[in-house]
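Undergrad: Here it is, the structure in full.
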Amino acid sequence: MKDTKQSLLKKDGISYLIPFILITACFALWGFANDITNPMVKAFSKIFRMSVTDGALVQVAFYGGYFAMAFPAAIFIRKYSYKAGILLGLGLYAIGAFLFVPAKMIGEYYPFLFAYFILTCGLSFLETSANPYILSMGTEETATRRLNLAQSFNPMGSLLGMFVAMNFIQARLNPMDTAQRATLSEAEFSAVKEADLSVLITPYIIIGLVILAMFLLIRFTKMPKNADKSHQINFIPTLKRIFSLPRYREGVIAQFFYVGVQIMCWTFIIQYGTRVFMAEGMEEQAAEVLSQQYNIVAMIIFCCSRFICTFLLRYLNPGKLLMTLAIAGGIFTIGVITFQDVKGMYCLVAVSACMSLMFPTIYGIALEGLGEDAKFGAAGLIMAILGGSILPPMQAAIIDLKEILGMPAVNVSFILPFICFVVVAFYGLRTATVHK
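Each residue of the sequence shown is one higher than the one before, counting from 62 in the working numbering.
Next comes the structure, spelled out in structure tokens:
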């Protein structure tokens, strides 16, 4: 055990344990932001009496921030340092969280979208900095395993985000369902909306304060500069160089579809479960809360699977394991599409076990051997998070159709996650056979 620890977090006689712990805590913090947000698609749809497609604009704003700031973040950390990128990311994260207060005072939907965008500009800086920073905290031979270990703490933050969303937002919103809200007068609707928005913003204010505390802790802690050897910015030549590598180029594509499938499965499990449980006679709010409980179970399975897969990577080829899990995910997704009762929910929960390995493994494979170019390479992979902005609204548009060829549209909509798993499986195959 001691040797494994040293091989993971030591390089040239230098221990990176304390920096590793602090940066790994940031993984949990952005996991919290991601997964308190997924249920907000349904919450905002109810609060503002909107369609699922309009509610999914939350994900457009959220993951659009990742896309917009990825390369500016890479340029910033190339010019300064990973630590500076982490601090700027935490600062924007806190500002975005606090912007929920004026958004609530305005009482309109779009200021919330702006707050999400600023918040995720911060997350983009965080992820663009933290992932390659973790890769650099030890030898290159253990880099992918080290990133998987750090990423294992991301779903712990996600679990907390889901728990807070379920118990402190969803369960405390006015219990009136969508149909009842549609019958309210303008004055009644405004009163209900005001109360619901007060419930919704409280967790964001608290997480903003936590982020400020983390900002100060990292600001006054000595962090390694081992990966900050060159501050020269050769943007276009570097991009040409890294995108000429098939393993990296295909990794960006695979990451786009992986993030898409993750966000779709964790966002629309609420819509999927609500339909299933309301068909069994439940009220809408009770069905939503129960669906979120299933989502929490899925995240627990995801978390456990991440640790198991991190262990398996010591013995198995990352590409083959990636391909195997993507195939299994595709099979479970077929079950989500075809079953119209609680068995479909079981399949949707099982999908999370298959997804656990994917993000950090694709990340590690794509960045392997890039050296200083990893800063810009990381930005390309963070930009691929745009999949979480583009694909969920497409699925939401299918769900809004209500029924397709005699099947519930929410079931049919999971054809998109199935396609995503096919793409990831192909990248795993290419990694194991061509890029090895």
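The beta carbon of each residue, even a glycine, is placed where N, CA and C say it ideally should be.
Tell me whether K71 sits in a helix, a strand or coil according to DSSP, three-state version.
TA: Here K71 sits in strand by DSSP.
Undergrad: Whole angstroms is fine: what's the gap from K286's alpha carbon to Q241's?
TA: Going by the C-alpha atoms only, they are around 58 Å apart.
Undergrad: Where T492 and N378 are concerned, what is the direct C-alpha to C-alpha distance, given to the nearest angstrom?
TA: One C-alpha to the other measures close to 9 Å.
Undergrad: Reducing DSSP to helix, strand and coil, say where S76 ends up.
TA: Note: S76 maps to strand in three-state DSSP.
Undergrad: Just how far apart, CA to CA, sit L300 and I451?
TA: Near 23 Å, if we compare the C-alpha coordinates of I451 and L300.
Undergrad: If you check the beta carbons only, do P469 and Q120 fall under 7 Å apart?
TA: Contact flag unset, no.
Undergrad: Using DSSP bridges, identify the partner residues of E464.
TA: Paired residues: P469.
Undergrad: Between which two residues does the alpha helix (DSSP H) carrying S417 extend?
TA: Segment: none, S417 is in no alpha helix (DSSP H) and carries neither H nor E.
Undergrad: To the nearest angstrom, report how far apart M130 and V495 are at their CA atoms.
TA: M130 and V495: Cα-Cα distance of roughly 32 Å.
Undergrad: Where does D289 land, buried or exposed, given buried means 16+ other C-beta within 10 angstroms?
TA: Unreliable placement is indicated for D289, whose pLDDT of 49 sits below 50; the coordinate value is still reported in the next sentence. D289 comes out buried.
Undergrad: Reducing DSSP to helix, strand and coil, say where A117 ends up.
TA: It is coil, neither helix nor strand.
Undergrad: Mind checking whether L38 and P421 have CB atoms under 7 Å apart?
TA: The question about residue 38 has no answer here: the residues shown for the chain are numbered 62 through 497.
Undergrad: Nearest CA to the CA of N295: which residue from S197, F137 and M419?
TA: When each option's Cα is compared against that of N295, the closest is F137.
Undergrad: Just verifying my parser: in three-state terms, what is the DSSP assignment at F93?
TA: Helix at F93.
Undergrad: For I79, which residues in the same chain have their Cβ closer than 8 Å to its Cβ, ignoring the five residues on either side in sequence?
TA: If we look at I79 and ignore the five residues flanking it on each side, its Cβ neighbours are T282.
Undergrad: In its own chain, which residues sit with a C-beta less than 7 Å from the C-beta of K463, not counting the 5 before and 5 after it?
TA: The residues are A470.
Undergrad: Sorted by chain position, which residues of the same chain lie with C-beta nearer than 6 Å to Q323's C-beta, five sequence neighbours on each side aside?
TA: Cβ neighbours of Q323 beyond the five flanking positions: M416.
Undergrad: Kindly indicate which residue of T205, F175, V162 and Y143 has the alpha-carbon position closest to the one of Y194.
TA: If we check each option's Cα against that of Y194, Y143 comes out closest.
Undergrad: Is the Cβ-Cβ distance between I480 and V473 less than 7 Å?
TA: Taking 7 Å as the Cβ cut-off, I480 and V473 do not qualify as a contacting pair.
Undergrad: Under three-state DSSP, which class holds T263?
TA: It is helical.
Undergrad: Among the residues of its own chain, which have a CB less than 6 Å from the CB of F128, if the five just before and after it don't count?
TA: Around F128: M444 and L447.
Undergrad: Give a yes or no on whether 7 Å exceeds the smallest Cβ distance from F317 to chain D.
TA: Absent from the structure: chain D. Only one protein chain is present.
Undergrad: Kindly indicate the opening and closing residues of the alpha helix (DSSP H) around M339.
TA: Residues I330 to A340.
Undergrad: Which residue comes first and which comes last in the alpha helix (DSSP H) that contains P478?
TA: Counting along the chain, the alpha helix (DSSP H) containing P478 begins and ends at I476 to T494.
Undergrad: Find out if the Cβ-Cβ distance for the pair V530, G390 is shorter than 7 Å.
TA: The structure shown has nothing for residue 530, since the chain only spans 62 to 497.
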